[in-house]
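Q: If you're matching them up, the sequences are chains A and B in order.
FYI, in numbering that gives the first Met the number 0 the residues of the first sequence are 0 to 154.
FYI, in numbering that gives the first Met the number 0 the residues of the second sequence are 0 to 154.
Have a look at this one before I ask anything.
Protein chains: 2
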Amino acid sequence: MRRLDTIDARILLALDEDPRATVLGLSRLLGLARGTVQAHLERLESDGVLHRFSRRLAPAALGFSVSAFVMVEIHQGQQEDTLRALRETPEVLEVHGITGDGDLMCRVVARDADDLYRVGQDVLSIPGVVRTRTSLAMRELVPYRIDPLLSELAD
Amino acid sequence: MRRLDTIDARILLALDEDPRATVLGLSRLLGLARGTVQAHLERLESDGVLHRFSRRLAPAALGFSVSAFVMVEIHQGQQEDTLRALRETPEVLEVHGITGDGDLMCRVVARDADDLYRVGQDVLSIPGVVRTRTSLAMRELVPYRIDPLLSELAD
DNA sequence: GACGGGGTGGGCACAATGACCGCTCCCGCA
DNA sequence: TGCGGGAGCGGTCATTGTGCCCACCCCGTC
């Protein structure tokens with residue numbers, strides 16, 4: 000994966016401030032030539048450095064205001080089937096293979112506490128799933144952010 | 000938080016396909032009037048339904064190719080101080096207050112395995128932190144996605 | 001039965017885009 | 001030592017998109 004430089008970082012931080020900023024606007028703001036900003040933006044999009052747009056969408060806007068982490072212990076043998084089923088469960092937003100006592104760490108969302116129970120059951124009923132341990136995310140104490148790391152790169 | 004409608008969902012899915020699509024382009028693609036798309040896009044940005052732009056950035060592009068989940072057990076009394084320190088640690092990307100055996104669930108990144116050890120020590124040395132349990136995210140089995148939920152809304 | 005929100009379609013002046021050009025500077029390499 | 005090549009810059013061009021109007025219409029609500 001390509002490594003970002005100072006200019007990329009400054010552009011991204013500026014886009015955080017104003018996500019709909021134009022290329023020309025950014026070039027003026029950052030004191031760069033328009034072509035420079037344009038080239039960097041194109042590379043950012045084409046190099047796979049940026050995730051899909053919908054990553055910016057808050058699940059709550061879809062009515063999924065409850066989120067939880069589900070540790071899933073699986074039967075290693077049929078991991079493929081298990082993963083396929085997890086992928087087909089829309090409420091499962093992401094799955095990581097982790098070290099430690101669980102095998103899979105899933106982030107799930109639900110409409111409310113009751114709905115979360117249903118999602119939990121859905122996961123539990125997936126073939127290959129041995130045991131689950133659900134932790135309800137009660138408060139988002141530090142909302143996802145990456146700008147501190149970006150800022151370090153920007154100067 | 001405002002609830003999205005079908006048009007919002009279709010716009011967002013189209014932006015997933017082409018994040019740099021113009022308003023005019025979207026209106027043609029979706030068979031909607033330009034003003035309609037423009038109004039929805041403005042509302043999406045202004046209603047706080049969209050997270051900051053940098054949420055789209057892959058940490059690996061910054062050189063942080065290792066990520067991990069750190070369960071942090073804290074001294075409830077000084078939670079404020081602990082949180083402040085976590086917030087000041089750039090490698091800590093997000094923190095959730097959760098139910099269950101840990102108190103805090105942190106997602107952290109690091110440059111490599113060695114660097115992760117350092118980050119782990121940093122967290123452990125924060126006042127109020129009693130115990131930590133780190134799970135290295137070895138593989139992203141289902142990368143974050145929300146489009147299945149969006150698609151349900153789109154039709 | 002009037003109102004208002006949210007969609008449509010059109011039109012306008014202006015701004016931004018994409019795609020060029022040649023120029024310079026700097027770094028790596030033969 | 002000198003020769004690429006990459007990356008910024010600054011400029012131009014025709015084309016496209018934007019922001020902001022307008023009037024209209026449908027539909028559910030009070």
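Every residue, glycine too, gets a C-beta built ideally from N, C-alpha and C.
Looking at chain A, is there any beta carbon in it that lies within less than 8 Å of the beta carbon of B:PRO126?
A: False, the Cβ-Cβ gap to chain A never drops below 8 Å.
Q: The alpha helix (DSSP H) with A:GLU151 in it runs from where to where?
A: Unbroken alpha helix (DSSP H) run through A:GLU151: 146-153.
Q: Is the CB-CB distance between B:ARG12 and B:ASP146 below 8 Å?
A: The residue you asked about is not Arg; residue 12 of chain B is Leu in the sequence shown. Their beta carbons are under 8 Å apart, which means B:LEU12 touches B:ASP146 by this criterion.
Q: Check each residue of the region 14-38 of chain B: if its Cβ is closer than 8 Å to any Cβ of chain A, include it; give the result in chain order.
A: Flagged, chain order: LEU14, ASP15, PRO18 and ARG19.
Q: Check each candidate in A:THR5, A:LEU149, A:MET0 and A:THR21 and name the one with the smallest Cα separation from B:VAL205.
A: Only positions 0 to 154 of chain B appear in the structure, and residue 205 of chain B is not among them; the question remains open.
Q: Let's test the definition: count the other Cβ atoms within 10 Å of the Cβ of B:PRO142 and tell me whether it reaches 16, buried, or not, exposed.
A: The residue in question, B:PRO142, is exposed, as its Cβ has fewer than 16 Cβ neighbours within 10 Å.
Q: Tell me the rounded alpha-carbon separation between A:GLU93 and B:ARG144.
A: Taking the straight line from one Cα to the other gives about 7 Å.
Q: B:GLU93 bridges to which residues according to DSSP?
A: Its beta-bridge partners are B:ARG106.
Q: So, at 6 Å on beta carbons, what are the nonlocal neighbours of B:GLY119 in its own chain, with the 5 sequence-adjacent residues on each side left out?
A: Answer for B:GLY119: THR133, listed in chain order.
Q: Measure the alpha-carbon distance for A:GLN37 versus A:ILE6 and round it to whole angstroms.
A: Roughly 11 Å separates the two Cα atoms.
Q: Using a Cβ-Cβ cutoff of less than 7 Å, which residues in the same chain neighbour B:ARG1 once the five nearest sequence positions on both sides are dropped?
A: Answer for B:ARG1: ASP46 and VAL48, listed in chain order.
Q: Out of A:ILE125, A:LEU25, A:GLU151 and A:LEU3, point me to the one whose CA is closest to A:ILE73's CA.
A: It is A:ILE125 whose Cα lies nearest to the Cα of A:ILE73.
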